[in-house]
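In the working numbering, the protein residues as written are 630 to 836.
Below is one structure, written out as C-alpha coordinates, with a few remarks after it.
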(Lines of atoms letter the chains of each structure in order from A; the text may use other names.)
(Lines give C-alpha, C1' and ligand atoms only; values in the text may rest on other atoms or scores of the structure.)
Protein backbone atom coordinates (compact mmCIF):
# COMPACT_ATOMS: atom_id res chain seq x y z
CA UNK A 630 0.00 0.00 0.00
CA UNK A 631 2.83 2.32 0.71
CA UNK A 632 4.33 1.72 -2.73
CA UNK A 633 1.04 2.38 -4.43
CA UNK A 634 0.70 5.56 -2.39
CA UNK A 635 4.10 6.75 -3.56
CA UNK A 636 3.17 5.97 -7.17
CA UNK A 637 -0.02 7.98 -6.84
CA UNK A 638 1.92 10.85 -5.30
CA UNK A 639 4.54 10.86 -8.07
CA UNK A 640 1.85 10.57 -10.73
CA UNK A 641 0.03 13.56 -9.22
CA UNK A 642 3.23 15.63 -9.07
CA UNK A 643 4.07 14.69 -12.67
CA UNK A 644 0.58 15.73 -13.84
CA UNK A 645 0.80 19.10 -12.04
CA UNK A 646 4.25 19.79 -13.47
CA UNK A 647 3.03 18.89 -16.96
CA UNK A 648 0.09 21.28 -16.64
CA UNK A 649 2.40 24.09 -15.44
CA UNK A 650 4.82 23.52 -18.31
CA UNK A 651 1.91 23.44 -20.79
CA UNK A 652 0.56 26.72 -19.42
CA UNK A 653 3.99 28.33 -19.65
CA UNK A 654 4.31 27.13 -23.25
CA UNK A 655 0.98 28.71 -24.20
CA UNK A 656 1.94 31.93 -22.45
CA UNK A 657 5.26 32.08 -24.29
CA UNK A 658 3.46 31.57 -27.62
CA UNK A 659 1.09 34.50 -27.08
CA UNK A 660 1.94 37.58 -29.15
CA UNK A 661 1.59 40.96 -27.57
CA UNK A 662 0.99 43.80 -30.05
CA UNK A 663 1.84 47.39 -29.23
CA UNK A 664 -0.41 49.80 -31.14
CA UNK A 665 1.59 51.85 -33.59
CA UNK A 666 1.07 55.59 -33.64
CA UNK A 667 -1.10 56.81 -36.51
CA UNK A 668 0.97 57.92 -39.46
CA UNK A 669 0.23 59.88 -42.62
CA UNK A 670 1.65 59.77 -46.10
CA UNK A 671 4.56 62.09 -46.74
CA UNK A 672 3.52 64.83 -49.15
CA UNK A 673 5.86 66.07 -51.86
CA UNK A 674 5.14 69.78 -52.20
CA UNK A 675 5.68 71.52 -55.54
CA UNK A 676 8.32 74.18 -56.07
CA UNK A 677 6.98 77.66 -55.40
CA UNK A 678 6.42 79.65 -58.57
CA UNK A 679 3.86 82.35 -59.17
CA UNK A 680 1.95 83.82 -62.08
CA UNK A 681 -0.35 86.83 -62.31
CA UNK A 682 -4.13 86.72 -62.46
CA UNK A 683 -4.96 89.73 -64.63
CA UNK A 684 -8.22 89.05 -66.44
CA UNK A 685 -9.82 91.96 -68.32
CA UNK A 686 -12.82 93.43 -66.54
CA UNK A 687 -12.00 92.07 -63.12
CA UNK A 688 -11.69 94.69 -60.33
CA UNK A 689 -8.53 93.10 -58.90
CA UNK A 690 -5.27 91.40 -59.82
CA UNK A 691 -2.99 89.16 -57.76
CA UNK A 692 -0.28 86.54 -58.00
CA UNK A 693 -1.13 82.88 -57.49
CA UNK A 694 0.91 79.63 -57.59
CA UNK A 695 1.84 78.06 -60.93
CA UNK A 696 0.61 74.72 -59.55
CA UNK A 697 -2.90 76.16 -59.09
CA UNK A 698 -5.63 77.15 -61.52
CA UNK A 699 -8.19 79.95 -61.30
CA UNK A 700 -11.77 78.90 -62.05
CA UNK A 701 -14.76 81.21 -62.30
CA UNK A 702 -17.42 80.46 -59.69
CA UNK A 703 -20.96 81.08 -60.93
CA UNK A 704 -22.87 79.47 -58.03
CA UNK A 705 -22.76 79.95 -54.27
CA UNK A 706 -24.64 77.25 -52.34
CA UNK A 707 -26.77 76.65 -55.40
CA UNK A 708 -27.57 80.32 -55.92
CA UNK A 709 -26.20 82.60 -58.61
CA UNK A 710 -23.32 84.71 -57.38
CA UNK A 711 -23.86 88.40 -56.72
CA UNK A 712 -21.50 89.42 -59.55
CA UNK A 713 -19.22 87.71 -62.11
CA UNK A 714 -16.04 88.28 -60.07
CA UNK A 715 -16.29 85.29 -57.73
CA UNK A 716 -13.52 82.77 -58.37
CA UNK A 717 -11.85 79.68 -56.92
CA UNK A 718 -8.11 79.14 -56.78
CA UNK A 719 -7.84 75.36 -57.06
CA UNK A 720 -4.90 73.13 -56.08
CA UNK A 721 -5.60 69.79 -57.82
CA UNK A 722 -2.46 68.04 -56.56
CA UNK A 723 -3.25 69.02 -52.95
CA UNK A 724 -7.01 68.47 -53.11
CA UNK A 725 -7.84 71.98 -51.89
CA UNK A 726 -9.17 75.30 -53.10
CA UNK A 727 -9.53 78.90 -51.99
CA UNK A 728 -13.09 80.17 -52.43
CA UNK A 729 -12.92 83.90 -53.17
CA UNK A 730 -16.00 86.10 -53.13
CA UNK A 731 -15.92 89.74 -54.24
CA UNK A 732 -18.40 92.43 -53.26
CA UNK A 733 -18.54 96.08 -54.23
CA UNK A 734 -19.02 98.31 -51.20
CA UNK A 735 -22.19 100.37 -51.54
CA UNK A 736 -23.62 98.29 -54.38
CA UNK A 737 -26.79 96.26 -53.74
CA UNK A 738 -26.90 97.43 -50.16
CA UNK A 739 -23.39 96.24 -49.32
CA UNK A 740 -22.68 98.27 -46.23
CA UNK A 741 -18.96 98.25 -45.38
CA UNK A 742 -19.39 97.53 -41.68
CA UNK A 743 -21.93 94.82 -42.43
CA UNK A 744 -19.50 93.12 -44.80
CA UNK A 745 -16.89 93.05 -42.03
CA UNK A 746 -19.47 91.69 -39.58
CA UNK A 747 -20.49 88.97 -42.05
CA UNK A 748 -16.85 87.95 -42.59
CA UNK A 749 -16.39 87.80 -38.81
CA UNK A 750 -19.50 85.64 -38.35
CA UNK A 751 -18.52 83.25 -41.14
CA UNK A 752 -15.13 82.69 -39.51
CA UNK A 753 -16.34 82.39 -35.94
CA UNK A 754 -19.14 79.98 -36.77
CA UNK A 755 -16.33 77.38 -36.64
CA UNK A 756 -15.67 78.07 -32.95
CA UNK A 757 -17.45 74.91 -31.78
CA UNK A 758 -14.69 72.86 -33.46
CA UNK A 759 -11.86 75.39 -33.27
CA UNK A 760 -9.14 75.11 -30.65
CA UNK A 761 -8.20 78.73 -31.26
CA UNK A 762 -8.68 81.54 -33.78
CA UNK A 763 -5.71 83.83 -34.37
CA UNK A 764 -6.20 87.12 -36.20
CA UNK A 765 -3.40 88.85 -38.10
CA UNK A 766 -3.64 92.30 -39.63
CA UNK A 767 -3.30 92.75 -43.39
CA UNK A 768 -1.75 95.99 -44.56
CA UNK A 769 0.04 96.45 -47.89
CA UNK A 770 1.29 99.41 -49.96
CA UNK A 771 -1.47 98.69 -52.50
CA UNK A 772 -4.33 100.09 -50.39
CA UNK A 773 -5.19 96.64 -49.10
CA UNK A 774 -6.11 96.11 -45.47
CA UNK A 775 -8.04 93.47 -43.60
CA UNK A 776 -7.60 90.40 -41.41
CA UNK A 777 -6.14 86.93 -41.89
CA UNK A 778 -7.67 84.20 -39.72
CA UNK A 779 -5.76 81.10 -38.61
CA UNK A 780 -8.33 78.66 -37.20
CA UNK A 781 -6.91 75.78 -35.13
CA UNK A 782 -8.50 72.36 -34.69
CA UNK A 783 -10.78 70.38 -37.00
CA UNK A 784 -12.59 73.37 -38.48
CA UNK A 785 -13.93 73.08 -42.04
CA UNK A 786 -11.78 76.04 -43.12
CA UNK A 787 -8.57 76.67 -41.18
CA UNK A 788 -7.28 79.63 -43.23
CA UNK A 789 -9.47 82.61 -44.12
CA UNK A 790 -9.10 86.30 -44.87
CA UNK A 791 -10.88 89.41 -45.97
CA UNK A 792 -9.17 92.26 -47.85
CA UNK A 793 -10.54 95.70 -48.67
CA UNK A 794 -9.71 99.30 -49.54
CA UNK A 795 -12.56 100.43 -47.23
CA UNK A 796 -14.10 102.43 -50.10
CA UNK A 797 -15.15 100.20 -53.00
CA UNK A 798 -13.62 96.73 -52.90
CA UNK A 799 -14.20 93.83 -50.50
CA UNK A 800 -12.68 90.39 -51.15
CA UNK A 801 -13.04 87.36 -48.92
CA UNK A 802 -11.10 84.08 -49.21
CA UNK A 803 -11.46 80.72 -47.43
CA UNK A 804 -9.38 77.57 -47.86
CA UNK A 805 -11.24 74.24 -48.02
CA UNK A 806 -10.21 70.65 -48.76
CA UNK A 807 -12.16 67.84 -50.40
CA UNK A 808 -11.63 65.72 -47.30
CA UNK A 809 -12.97 65.37 -43.78
CA UNK A 810 -11.41 68.04 -41.53
CA UNK A 811 -8.45 66.54 -39.66
CA UNK A 812 -6.01 68.99 -38.15
CA UNK A 813 -3.21 66.42 -37.85
CA UNK A 814 -3.24 65.10 -41.41
CA UNK A 815 -3.98 68.45 -43.07
CA UNK A 816 -1.55 70.54 -41.00
CA UNK A 817 1.43 70.30 -43.43
CA UNK A 818 -0.72 71.18 -46.45
CA UNK A 819 -2.46 74.02 -44.62
CA UNK A 820 0.90 75.48 -43.58
CA UNK A 821 2.18 75.22 -47.16
CA UNK A 822 -0.90 76.87 -48.68
CA UNK A 823 -1.07 79.52 -45.98
CA UNK A 824 2.14 80.98 -47.40
CA UNK A 825 0.53 81.06 -50.84
CA UNK A 826 -2.55 82.78 -49.43
CA UNK A 827 -0.37 85.45 -47.83
CA UNK A 828 1.44 85.92 -51.14
CA UNK A 829 -1.91 86.36 -52.88
CA UNK A 830 -2.99 89.00 -50.35
CA UNK A 831 0.33 90.85 -50.42
CA UNK A 832 0.27 91.09 -54.24
CA UNK A 833 -3.42 91.98 -54.43
CA UNK A 834 -4.13 95.22 -56.30
CA UNK A 835 -7.41 97.00 -57.03
CA UNK A 836 -8.57 98.47 -60.30
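Glycine included, each C-beta is placed from N, C-alpha and C at the ideal position.
Bear in mind that the values here come from a model prediction, so they are computed numbers and not experimental data.
DSSP beta-bridge partners of residue 745: In DSSP, residue 745 forms no bridge with anything.
Beta bridge counterpart(s) of residue 729 as assigned by DSSP: Beta-bridge pairing links residue 729 to 716, 802.
Note down the Cα distance separating residue 675 from residue 767, rounded to an integer number of angstroms. Using only the alpha carbons, I get a separation of about 26 angstroms.
Shortest alpha-carbon distance to residue 748 belongs to which of 808, 771, 775, 726? Ranking the options by Cα distance to residue 748, first place goes to 775.
Return yes when the Cβ of residue 763 is within less than 9 angstroms of the Cβ of residue 781, no when it is not. Against a cut-off of 9 angstroms, the Cβ pair of residue 763 and residue 781 comes out as a contact.
What three-state label does DSSP hand residue 673 in the structure shown? Here residue 673 sits in coil by DSSP.
Report the partner residues of residue 792 according to the DSSP bridge assignment. In the DSSP output, where bridge partners are listed per residue, residue 792 has 775, 800.
CB of residue 717 within 9 angstroms of CB of residue 729, strictly: Their beta carbons are under 9 angstroms apart, which means residue 717 touches residue 729 by this criterion.
Below 7 angstroms CB to CB, which residues in the same chain sit around residue 699 once its five sequence neighbours on both sides are set aside? Cβ within range, chain order: 682, 693, 716, 718.
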